[in-house]
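Take a look at the structure set out below.
Number of protein chains: 2
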Amino acid sequence: MSDLIRVLVLGTGQMGAAIARLILQKNGIKLVGAYGRRSHRAGMDLGQAIGLERDLGLAIFGNLKSAVEQTRPHLAIQATCSRVEDGFSELQVLLQQGVEVISIAEEMVFPACSSPELANEIDQLARLQGVSVVGTGINPGFVLDLLVITLTGVCAHVDSITAERVNDLSPYGPTVISSQGVGLTLQTFAEGVAAGRVVGHYGFPESIHLICKALGWEPEKIEQSREPIISSVRRETPFITVEPGQVAGCHQRAVAYYQGRPVINFDHPQQVFPELEGVETGDTIEIRGIPSFSVRCRPEIPGGQATAALAVNTIPRLLKAPPGLHTVLDLPVATAMLADVRELLRVPLASGDHG
Amino acid sequence: MSDLIRVLVLGTGQMGAAIARLILQKNGIKLVGAYGRRSHRAGMDLGQAIGLERDLGLAIFGNLKSAVEQTRPHLAIQATCSRVEDGFSELQVLLQQGVEVISIAEEMVFPACSSPELANEIDQLARLQGVSVVGTGINPGFVLDLLVITLTGVCAHVDSITAERVNDLSPYGPTVISSQGVGLTLQTFAEGVAAGRVVGHYGFPESIHLICKALGWEPEKIEQSREPIISSVRRETPFITVEPGQVAGCHQRAVAYYQGRPVINFDHPQQVFPELEGVETGDTIEIRGIPSFSVRCRPEIPGGQATAALAVNTIPRLLKAPPGLHTVLDLPVATAMLADVRELLRVPLASGDHG
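Here the protein sequences line up with chains S and A, keeping their order.
Take the first sequence: its position 337, counting from 1, is numbered 337 in my numbering, and each next residue is one higher.
In my numbering, each residue's number is its place in the second sequence (first place is 1) plus 355.
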């Protein structure tokens, strides 16, 4: 069997650590090291940094170019940022050295949406170097776009799409907690939204444009709103305590219009411990068309776990893709990998000689 | 813009007719004619045969080779049969003349499962001719395999999969009604199962092997059963009347084992008018793993409508595929097509120059 697929992880925060731990459990791929933006982690052993109780003998590099030169990865998973602009220079370094890239930066799910010029540069550079790039994650990347689009495959026509994701923020750390405005007062929440500190969920425009591209709609207008979810009870996580009257999370909505009609409706209330006020978590997709039907996931597909899995499960799909920048729509779907990754790469599924 | 994509439909039964009608509604593709196995339809105008109240000026051919020579299709949709063996000679004619093929024959969803040698021949011939072949449909092809597999993409690990499809047979015609044993007595149902006349649903082995291939399981054993659903009320469709005590449908189950453990459980009761005895239709998928979650579609995705849509929606995906035999897992997912099909073919989604 061919050599192990060497993977470098960018980011040693909660997501980078989860991805690194998952790679260690998989056959056929090898974790070769990590790159961390936070300089104080450089030189630390990766095992300790990702919450294992043992050393891995793998370094965390503070310089990406050195990381690539010393670990010689086939592929890198980027878990350092949310925005294309913020991750672009890392992508340049990776691509210039011929490394394939899977990014969980939310905007990378459809980079042409926020950053058409950078998306074009990424595409050109990837083609030039003969490698591929794709963005994935639970949302954007799956629940509110890829899964929706997959379900439309059974439709002769689609009139409108309504999708709701009700989830629990309590497993998340300080970055997410603060970007969602958890623990703020009504007034500081409003100020935070106005100042861009309370951003809520990144990715509605990406999901909307991805659906529209897939179906052939051209959205004329996208309306977004962010409202505070006020708690009437005390809610406490390891990172934050929300008193009654304070903000437990951010209720974000989006509506996209096509031909003067609302065609996509997203409803995404995120808060810590929604069950404390009787709110059930879950994902719901309702398609109105021919046929009309609705799909409910209970409980909600957990975001952090699922994003790590999607990133790792995308490896064989990316390695088989032609050079260039892709979206998850351009590739066959990622699937759980319970066998050696190289087996999944070796053979196409359909023909008989490997049945 | 490039020329219209010319499509020939094989089969003028319920499914062939639904596919032909859907093609007529789509932009960028052109219905060029049909082939029918039933010789009495040859020469009839296609418009009448598919239930339109007008002529289309298109012929139904009784000879497939002539149909291809006279209509010069880019692509054909095969809706004439359920089994690879039964459809193989039609595939040969199409491929030898360089026609791409989408088949809704159930076994064609994973032809290597029932017919590894024929699958290999199809693959070789398609590669030789530079065209592609794929099988699709609601089941097998979507609910109990592609959708399941897509959902596993969020999983770090999968322990087991349970999927249930509860649907209504009342919209179906005589072929389906009789193959499901509707209207039989307990004894004639049992005799029909033994004699192979009551086959129930085709496709459990295909769906199971598709899931296993995708995930990396090797099934050791597949157990299947077919039980009669006895009606306690009178149920009447345009084609059949079921008296109390008679069979309203077929309850089919399958269990697949891997490493001595049941890893896939399928439960598929099909009957006419299940609501008459308080049975709610729907599709349910339950994944046990990391994470565990369940997904419910209500009502069930209607089989006939969805299969026609999947067949037509697969057109741009097939035309972009490399030559050879594919499964739906090897291709990006089919999506509803609300714009000109040629638009969907023209551009990749990700890069910025068409954002």
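By construction, the Cβ of each residue, glycine as well, lies at the ideal position given by its N, Cα and C atoms.
Note that the coordinates shown come from a computational prediction; the quantities given were computed from them, not determined experimentally.
Is residue i helix, strand or coil when you go by DSSP?
i	result
Glu472/A	helix
Pro593/A	coil
Gln433/A	strand
Ala42/S	coil
Asn27/S	coil
Gly33/S	strand
Arg72/S	coil
Ala518/A	strand
Glu575/A	coil
Gly710/A	Because Gly710/A carries a pLDDT of 32, less than 50, the predicted location of this residue cannot be relied on, and the following value inherits that uncertainty. In this structure, Gly710/A counts as coil in the three-state DSSP scheme.
Val554/A	coil
Gly719/A	Residue 719/A cannot be examined here, being either before or after the span of chain A that is shown, 356 to 710.
Ile50/S	coil
Asp523/A	strand
Gly289/S	strand
Val84/S	helix
Gln535/A	coil
Ala311/S	helix
Phe110/S	coil
Val233/S	coil
Arg89/S	The sequence given here has Ser at residue 89/S, not Arg. It is helical.
Leu344/S	helix
Pro599/A	coil
Gly260/S	coil
Ala20/S	helix
Thr543/A	helix
Gly304/S	helix
Ser207/S	helix
Ser2/S	coil
What residues of chain S sit near residue i, judged by a beta carbon separation below 9 Å?
i	result
Ile645/A	Gln305, Ala309
According to DSSP, residue i sits in a beta bridge with which residue or residues?
i	result
Cys297/S	Asp283/S, Val650/A
Cys250/S	Pro228/S, Gln270/S
Phe420/A	In the sequence under discussion, the amino acid at residue 420/A is Lys, which differs from the Phe named in the question. Partner(s): none; Lys420/A has no beta bridge.
Asn620/A	Thr517/A, Val610/A
Val9/S	Ala34/S, Ile77/S
Val456/A	Ala431/A, Val488/A
Ala414/A	Asp400/A
Run through chain A and tell me which residues come within less than 8 Å of residue i, C-beta to C-beta.
i	result
Ser294/S	Cys652, Arg653
Leu331/S	Pro687
Asn265/S	The premise fails here: Asn265/S is roughly 17 Å from chain A at the closest Cβ pair, so nothing lies under 8 Å.
Met337/S	Leu570, Gly571
Can you pull the chain S residues whose beta carbon is under 7 Å from the beta carbon of residue i, in chain order?
i	result
Gly442/A	Those within 7 Å of Gly442/A in chain S number zero; the least Cβ separation is about 15 Å.
Leu377/A	Ala156
Find the residues of chain A that neighbour residue i, judging by a C-beta separation of less than 7 Å, and give them in chain order.
i	result
Glu343/S	Gly571
Ile77/S	The contacting residues do not exist; Ile77/S stays about 14 Å from chain A at best.
Ala254/S	What Ala254/S touches in chain A: nothing, since even the nearest Cβ is about 18 Å away.
Leu10/S	Within 7 Å Cβ-Cβ: nothing; Leu10/S doesn't reach chain A, min ~20 Å.
Quick one: list the residues of chain A neighbouring residue i, beta-carbon separation under 9 Å, in chain order.
i	result
Ala17/S	Simply none; closest approach about 14 Å.
Pro302/S	Val509, Pro646, Phe648
Thr80/S	None at all; the shortest Cβ gap to chain A is about 20 Å.
Asn313/S	Thr507, Gly508, Val509, Cys510, Ala511
For the ligand PLP, is there a heavy atom less than 6 Å away from the beta-carbon of residue i?
i	result
His564/A	Absent from the structure shown: the ligand PLP. Ligands present: none.
Report task. Return the residues of the segment 139-169 of chain S that lie within a Cβ-Cβ distance of less than 9 Å from chain A, sorted by chain order. Result -> Taking 9 Å as the Cβ-Cβ cut-off against chain A, the residues of the segment 139-169 of chain S that qualify are Phe142, Val143, Leu146, Leu147, Ile149, Thr150, Leu151, Thr152, Gly153, Val154, Cys155, Ala156, His157, Val158.
Query raised in the report: In chain order, which beta strand (DSSP E) runs of at least 3 residues are fully inside the segment 467-516 of chain A?
Result: Listed in chain order, they are 487-490.
Report task. Please list the segments of the alpha helix (DSSP H) lying wholly inside the segment 670-697 of chain A, counting only runs of 4 or more residues, in order along the chain. Result -> 670-674
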